[in-house]
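Anchor point for the sequence shown: position 327 equals 326 in numbering that gives the first Met the number 0, and the numbering is continuous, going up by one each time. Note that the Cβ used here is the ideal one computed from N, Cα and C, for glycine as well.
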Amino acid sequence: MDYVQQAKASTDPAYYPKAEGALHRSLDIAAQDNFVAMAGMGALANARHDFTQGLTWARKAEAVDPANSTIQGILADALTQLGRYPEAFQATQRMVDLEPATPSLARASYTWELRGDQAEATADMRRALADAPSASDRAFTHYYLSELAFDAGDPGTALAESQAGLRDRGDDPALLEARAKAESALGDTTSALADYTRAVGIVPQPQYIVELGELQQSLGHTRQSQQAYDLFRAEEQLFTANGVALDTDPTLFNADHGTAADALRYGSAGIRIRPFIEMDDAYAWALHRNGRDAEALTFARKAAALGTRNALFAFHRGMIESALGLTRAAKADLADALRTNPWFSPLQVPVARAELSRLEVKA
Numbered sequence: 000m001d002y003v004q005q006a007k008a009s010t011d012p013a014y015y016p017k018a019e020g021a022l023h024r025s026l027d028i029a030a031q032d033n034f035v036a037m038a039g040m041g042a043l044a045n046a047r048h049d050f051t052q053g054l055t056w057a058r059k060a061e062a063v064d065p066a067n068s069t070i071q072g073i074l075a076d077a078l079t080q081l082g083r084y085p086e087a088f089q090a091t092q093r094m095v096d097l098e099p100a101t102p103s104l105a106r107a108s109y110t111w112e113l114r115g116d117q118a119e120a121t122a123d124m125r126r127a128l129a130d131a132p133s134a135s136d137r138a139f140t141h142y143y144l145s146e147l148a149f150d151a152g153d154p155g156t157a158l159a160e161s162q163a164g165l166r167d168r169g170d171d172p173a174l175l176e177a178r179a180k181a182e183s184a185l186g187d188t189t190s191a192l193a194d195y196t197r198a199v200g201i202v203p204q205p206q207y208i209v210e211l212g213e214l215q216q217s218l219g220h221t222r223q224s225q226q227a228y229d230l231f232r233a234e235e236q237l238f239t240a241n242g243v244a245l246d247t248d249p250t251l252f253n254a255d256h257g258t259a260a261d262a263l264r265y266g267s268a269g270i271r272i273r274p275f276i277e278m279d280d281a282y283a284w285a286l287h288r289n290g291r292d293a294e295a296l297t298f299a300r301k302a303a304a305l306g307t308r309n310a311l312f313a314f315h316r317g318m319i320e321s322a323l324g325l326t327r328a329a330k331a332d333l334a335d336a337l338r339t340n341p342w343f344s345p346l347q348v349p350v351a352r353a354e355l356s357r358l359e360v361k362a
């Protein structure tokens, strides 16, 4: 399990084969009731985005130790990413019932976020913060509180939460990324660039790299943004070499910064192994970029099926509807995207505003 945690913490997928080897050795020694190694295999599979295997191993571990909250968390994670939401929510509730602590309350918060209930999501994360036993756990909860606030269009609160977390862990790259997004939304792009650059220097997480590149591109820093995009491609190759399935990130990246064909290739593969709402949205956008808007709308609507309040989802759906001539629906979704979070993307917000203005004039 240590190698899995190191890979997550460092975003170095080279630890994954080491973790797999250690877990297989443990299972070779004691296979029948070794729920710790089984859970480790489940967590490793989830980290590699092989959620079918993650579910298989979590079920094996659960059969040995059904009252283990950690196993219920691994089970919930796999079920969520496989689009089996009612089962995932039940597993999350079992985890909370077994151990109402920071990990379970954070997952409970996420189930509310997926269903579009910002108030309940925030309340559960506040409970997680109140119960946080360490500085690391406090930083973790402040990060998610910052994310919830930013996604709801409140960069001021997002900034305050990220700064509170950084007081506990001043070098936490996730908190630096969260602060950078808030700073950018509030107009402090100099600080945002510095925080993004620092976060990427600590952990070259693909998400951080793309966000840095897109902010640089929005500011006209063409050379720097291209360097960021080149780094993204290199990191994706590293993940692939270590057995990580690539889905949402490269699908969206190629749809916006690469080729439509590559976006569709990643999207088609991703939707088969990860039928989760984020992948529904990404695949819809890839289909749109390939001119397949009728199919795209089906997946864009699937992404909204739980009631998730996500500005990027609404933007993508609105643009697809516009391409299909569904003007009323397009206007409603583009307006919803800008109302939900007027700062959801430094590149796409201007596109959303321009398209909404065009549709209003057309009407």
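- Rounded to whole angstroms, the gap between the alpha carbons of Gly53 and Ala44 is 5 Å.
- Ile272 is the residue among Ile272, Ala131 and Gln206 whose C-alpha sits nearest the C-alpha of His48.
- Contact annotation: the segment 32-42 touches the segment 50-70, with at least three C-beta pairs closer than 8 Å.
- Here His287 is buried: its Cβ has 16 or more other Cβ atoms, across all protein chains shown, within 10 Å.
- Residue range Tyr14 to Ile28 is occupied by the alpha helix (DSSP H) that includes Pro16.
- For Thr247, the three-state secondary structure derived from DSSP is helix.
- When the beta-carbon positions are compared, Tyr142 and Gly164 come within less than 8 Å of each other.
- Here DSSP, grouped into helix, strand and coil, assigns Gln225 to helix.
- Nearest Cα to Ala127 within the set Leu113, Ala105, Glu119 and Ala29: Ala105.
- Counting other Cβ atoms within 10 Å of its Cβ, Ser133 stays below 16 and is therefore classed as exposed.
- Ranked by Cα distance from Arg291, the first of Glu320, Ala303 and Leu305 is Glu320.
- Taking the Cα positions, Leu211 is about 10 Å away from Ala193.
- Annotated three-state conformation of Asn289 is coil, per DSSP.
- Gln31 is classed as exposed because its beta carbon has fewer than 16 other beta carbons within 10 Å across all chains shown.
- Here Ala181 is near Leu158, since their CB atoms are less than 8 Å apart.
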